[in-house]
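Going letter by letter, the sequence shown gives residues 16 to 313 in my numbering. The next block holds one structure in the form of structure tokens; read it before the comments.
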Amino acid sequence: MSKQNRSTLKAFFGDGALPNSSNFRDLIDSTINISEDGFAKDSENGLKLTCHSEYTVLTSFYEAGSKDKAVWRSKFDGDHSNLLWSSQANTDEGFEFSAADDAKLNAALCLARTNNRLGVGIGTKDPKATLDVNGAAFVQERRGTYGRSFESVAANGEWQTIVDNIQGGSGFEIVARAQNISRRRYAMVHAIALHCPWRRKSNDLLAWLGLRNRINYTQVYHDSLLHKIKLRWNEDDMKSGYQLQIRSNCDYGTEQRTEDGYAADEPCVIDFHITRLWDDDDHFQSLRMQAQRGLGDD
Numbered sequence: 016m017s018k019q020n021r022s023t024l025k026a027f028f029g030d031g032a033l034p035n036s037s038n039f040r041d042l043i044d045s046t047i048n049i050s051e052d053g054f055a056k057d058s059e060n061g062l063k064l065t066c067h068s069e070y071t072v073l074t075s076f077y078e079a080g081s082k083d084k085a086v087w088r089s090k091f092d093g094d095h096s097n098l099l100w101s102s103q104a105n106t107d108e109g110f111e112f113s114a115a116d117d118a119k120l121n122a123a124l125c126l127a128r129t130n131n132r133l134g135v136g137i138g139t140k141d142p143k144a145t146l147d148v149n150g151a152a153f154v155q156e157r158r159g160t161y162g163r164s165f166e167s168v169a170a171n172g173e174w175q176t177i178v179d180n181i182q183g184g185s186g187f188e189i190v191a192r193a194q195n196i197s198r199r200r201y202a203m204v205h206a207i208a209l210h211c212p213w214r215r216k217s218n219d220l221l222a223w224l225g226l227r228n229r230i231n232y233t234q235v236y237h238d239s240l241l242h243k244i245k246l247r248w249n250e251d252d253m254k255s256g257y258q259l260q261i262r263s264n265c266d267y268g269t270e271q272r273t274e275d276g277y278a279a280d281e282p283c284v285i286d287f288h289i290t291r292l293w294d295d296d297d298h299f300q301s302l303r304m305q306a307q308r309g310l311g312d313d
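And the structure:
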């Protein structure tokens with residue numbers, strides 16, 4: 016099999032040339048064959064790539080003038096045909112790198128579909144969550160989106176449910192703010208809320224003292240304790256799960272707001288966002304699996 020460039024092929028079939036069977040073989044071998052090479056295109060699927068049965072590599076990318084070593088490569092990986100993008104450490108310039116650096120490059124980006132669960136791995140080909148980053152993540156800002164995050168509730172001094180139907184043990188991080196600028200009322204709270212999976216006993220002294228199912232606060236507020244924000248666990252209907260609730264200590268009242276050119280008095284609200292820190296349904300590697308992989312204590 017001989018693959019020729021365009022100039023050579025044009026010479027085979029130029030004016031006055033007499034192509035032979037070898038020239039036609041070179042022409043055929045120098046073009047893409049949809050059936051054998053795994054390339055196809057249609058209006059429904061676009062470009063379709065199929066790897067050869069004995070191989071898993073789909074695409075390889077090379078720098079100009081370097082055909083021996085791919086800079087990037089994509090392939091199917093594992094029993095669930097996860098899509099893995101990999102690279103190799105650059106040794107040409109004498110750069111130093113560790114075995115860990117090389118392993119991360121070999122698993123630069125993984126799009127996993129293990130057991131029909133989406134997983135994106137950065138530096139790992141075995142993501143344990145929807146996004147699994149094997150290394151440092153630099154984040155300028157962070158917001159939670161759990162429960163009713165970014166759905167304001169009334170700052171009227173009454174309890175408002177912000178997460179409901181909670182089952183099992185749980186942990187949440189809450190950041191919330193209430194304000195009425197015209198009346199100089201303001202409060203902001205950062206809280207960590209933890210809860211056990213069972214209802215507290217009616218005669219539980221520790222629960223009465225607030226030492227079970229703890230909610231720890233860091234809070235700032237202006238002028239009066241009445242402006243503070245509180246959170247609590249509500250266990251009134253444990254059959255459908257318990258609730259996390261929030262309220263302001265007082266009614267923040269109304270504040271004039273302008274929207275689309277119209278001014279109106281609107282009730283003040285508590286704005287908040289929630290991040291879930293713990294879920295009893297999270298999957299962890301058992302001691303038996305660790306022993307099989309040679310992990311854990313000796």
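Every residue, glycine too, gets a C-beta built ideally from N, C-alpha and C.
For Glu-78, the CB contacts under 8 Å within the same chain, skipping 5 residues up- and downstream, are Val-86 in chain order. When the Cα atoms are used, Gln-234 and Asp-296 turn out to be separated by approximately 31 Å.
In terms of Cβ geometry, Lys-90 and Leu-73 form a close pair [threshold 8 Å].
Cα atoms of Ser-113 and Ala-104: separation of roughly 9 Å, rounded to the nearest angstrom. Gly-134 sits close to Thr-145, with the two beta carbons spaced by under 8 Å. Counted as a single uninterrupted DSSP element, the alpha helix (DSSP H) harbouring Lys-119 occupies residues 114-121.
It is roughly 44 Å from the alpha-carbon of Asp-275 to the alpha-carbon of Arg-132.
Between Phe-287 and Ile-189, the beta carbon gap of about 6 Å places them in contact (Cβ cut-off 8 Å). Secondary structure of Asn-180 (DSSP, three-state): strand. Assignment of beta-bridge partners to Ser-263 by DSSP yields Ile-244. When only Cα atoms are considered, Trp-174 and Leu-98 end up about 47 Å apart. Listed in chain order, the beta strand (DSSP E) elements of length 3 or more contained wholly in the stretch 135-196 are 146-148, 175-181, 185-195. Pairing Ile-261 with Ile-244 gives a Cβ-Cβ distance under 8 Å. Within the same chain, Cβ atoms closer than 6 Å to the Cβ of Trp-100 are found at Ser-89, Ala-123, Leu-124, the five residues on either side in sequence being excluded. Judged by DSSP in its simplified three-state form, Gln-271 adopts strand. Assigned with DSSP and collapsed to three states, Thr-233 falls in strand. The three-state secondary structure of Asp-30, taken from DSSP, is coil. A residue is called buried once 16 or more other Cβ atoms fall within 10 Å of its Cβ, and Phe-28, having fewer, is exposed. Residue environment: Gln-155 is assigned as exposed (fewer than 16 neighbouring CB atoms within 10 Å of its CB, all protein chains considered). Pairing Pro-282 with Asn-180 gives a Cβ-Cβ distance that is not under 8 Å. In the structure shown, Lys-56 adopts extended strand secondary structure according to DSSP, grouped into three states. The beta carbon of Asn-38 sits closer than 7 Å to the beta carbons of Phe-27 from its chain, once the five residues preceding and following it are set aside; these are given in chain order.
Across the structure, Asn-121 and Leu-302 are spaced so that their CA atoms are roughly 27 Å apart. Comparing C-alpha distances from His-210 to each of Ser-185, Ala-191, Asn-195, Tyr-201 shows the shortest one belongs to Ser-185. Taking Gln-271 as reference, the option from Ile-289, Gln-194, Asp-238 with the minimal CA-CA separation is Gln-194.
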